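I have placed the structure first, in the form of structure tokens, so that the comments after it can refer back to it.
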Amino acid sequence: MSAQARSEVKALLEAFGIRPVKALGQHFLVDPNITRKIVALSGVGEGDAVIEIGPGTGTLTRALAETGADVVAYEIDGKLAGLLGEALAGRNVDLRFADAAHVDLSTELDPDRQWTMVANLPYNVGTSVVLDALRRVPQISRFVVMVQTEVAERMVSAPGTKAYGLPSVVVGVHGAGRIEFKVPPQVFLPPPSVGSAVVSIVRTPEPEGAERAIALAGAGFGQRRKMLRASLRTILEAPEWALVSAGIDPTSRAEELGVTDWLRLARVTP
Ligand code: SAM
């Protein structure tokens, strides 16, 4: 598998006069072992449908295409077009230059196929891309994504921990997520100031009241220090009654409620 090493990425950037743009989270992966590990973990192979966000210099993209998968990749930076054209020449990749945060993946991706998102996500939109896809793009059934360690922890934390919040609830409502492995800054060019982690999420069948539970959790975590009987006033007329009906102590705080609690609360409120 021809994942790009540091020397190749450097040469490509130089040849095309590209300087990585920090605001676009352009930290390119230059360790072929990590690239291979991500692809192996994704389990994708011949004929599978893969969506990548932010192909960058095309290292992960190329490795994914070499498995025989059909890869669709969204890149915001049009300046990478020439470089990507060369790096991906002859590969089965449908490259689309667009802002992934503003494309409707639910209509852009064939709904009759099961998609896997595999990506080294840009910091600026990483969380929202994954959470929006979980909520609105049911044809993406699995995610193997690299994000900042802190973001990864927020996505997979349990109630009662500091990192537990709305992202953990969204992931927990729609799937089973876990941190697969951590990745140090040195494997990127240029190195970011924080560590990264690869997270996997496997979608589970959507439970009844999923969106309502997420809206309730949003209100609760919006004022996470307040008791729920107070914080949920922004979304419920009679929060105390609703909480008691769902068997939840009205003096508890958002961080104490697990996904099943939010779902139970959703089902007793209109
Ligand atoms: N996949 C490459 C790798 O692993 O080396 C590059 C990953 S780099 C962390 C993130 C990539 O996402 C960059 O190529 C950047 O231009 C792109 N990007 C940033 N914001 C984006 C957006 N809103 N939509 C699509 N791509 C975006």
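The working numbering puts the sequence shown at residues 215 to 484. Don't be surprised by glycine CBs; every beta carbon is placed ideally from N, CA and C. None of these values were measured; they are calculated from a predicted model.
Go through its chain and collect everything with a Cβ distance to residue i's Cβ below 6 Å, but skip five positions before and after it.
| i | result |
| --- | --- |
| ASP313 | ILE290 |
| LEU477 | PRO421, GLY423, ALA427 |
| GLY292 | PHE311 |
| THR375 | none |
Could you tell me which of the options sits nearest to residue i, measuring between CA atoms?
| i | options | result |
| --- | --- | --- |
| VAL339 | TRP329, ILE354, VAL317, GLN353 | VAL317 |
| ILE428 | ASP346, LEU403, ALA277, GLU454 | ASP346 |
| LEU278 | GLY296, GLY292, GLY259, ILE267 | GLY259 |
| LEU446 | ARG439, ALA433, TRP455 | ALA433 |
| GLY472 | LEU430, SER414, ALA225 | LEU430 |
| ASP324 | ARG305, VAL351, ARG310 | VAL351 |
| GLU425 | SER414, VAL385, ALA303 | VAL385 |
| VAL307 | GLY292, VAL286, GLU322 | VAL286 |
| ARG356 | PRO484, VAL235, VAL416 | VAL416 |
| GLU228 | ARG349, LYS236, ALA237, GLY296 | GLY296 |
| ALA225 | GLN328, ALA303, THR271, ARG276 | THR271 |
For residue i, collect the residues of the same chain with a Cβ closer than 7 Å to its Cβ; drop the 5 residues on either side in sequence, then sort them by chain order.
| i | result |
| --- | --- |
| THR363 | LYS396, VAL408, GLY409, SER410, ALA411 |
| ARG220 | VAL244, LEU403 |
| PRO406 | HIS241, PRO399 |
| ILE248 | VAL397, VAL401 |
| VAL365 | GLY340, THR341 |
| ARG368 | ALA377, GLY379, PRO381, SER382 |
When you compare only the Cα positions, how much space is there between residue i and residue j?
| i | j | result |
| --- | --- | --- |
| PRO464 | LEU294 | 53 Å |
| GLN437 | ALA372 | 19 Å |
| PHE242 | GLN353 | 28 Å |
| ILE232 | GLU300 | 14 Å |
| LEU450 | ALA480 | 11 Å |
| MET215 | VAL361 | Only weak support is given to the placement of MET215: the predicted model assigns it a pLDDT of 49, under 50, and the value that follows is read from those uncertain coordinates. Spanning the two alpha carbons is a distance of roughly 23 Å. |
| PRO336 | TYR288 | 12 Å |
| SER256 | VAL223 | 23 Å |
| THR281 | LEU274 | 11 Å |
| MET441 | HIS388 | 26 Å |
| VAL482 | SER459 | 7 Å |
| PHE230 | GLU469 | 48 Å |
| PHE311 | ARG250 | 25 Å |
| PRO419 | VAL358 | 18 Å |
| ALA217 | LEU298 | 14 Å |
| SER466 | PRO484 | 21 Å |
| VAL344 | ARG392 | 14 Å |
| PRO453 | VAL370 | 27 Å |
| VAL334 | ASP475 | First, the residue type needs correcting, since residue 334 is Asn and not Val in the sequence shown. The straight-line gap from Cα to Cα measures roughly 32 Å. |
| ARG276 | ALA237 | 24 Å |
How would you label residue i, buried or exposed, when you count the other beta carbons within 10 angstroms and need 16 or more for buried?
| i | result |
| --- | --- |
| VAL326 | It should be pointed out that residue 326 corresponds to Asp in this sequence rather than to Val. Looking at its Cβ environment, which holds fewer than 16 other Cβ atoms inside 10 Å, ASP326 is exposed. |
| VAL383 | buried |
| SER342 | exposed |
| ALA254 | exposed |
| ALA263 | buried |
| GLY239 | buried |
| THR448 | exposed |
| ARG439 | exposed |
Might you give, ordered along the chain, the residues of its own chain that have their beta carbon closer than 8 Å to the beta carbon of residue i, omitting 5 neighbours on each side?
| i | result |
| --- | --- |
| GLU195 | For residue 195 there is no data in the structure shown, the boundaries of the chain being 215 and 484. |
### Query
Given 8 Å as the limit, is there contact between the stretch 371 to 388 and the stretch 265 to 273, that is, 3 or more CB pairs closer than that?
Because the criterion of three Cβ pairs below 8 Å is not met, the stretch 371 to 388 and the stretch 265 to 273 do not touch.
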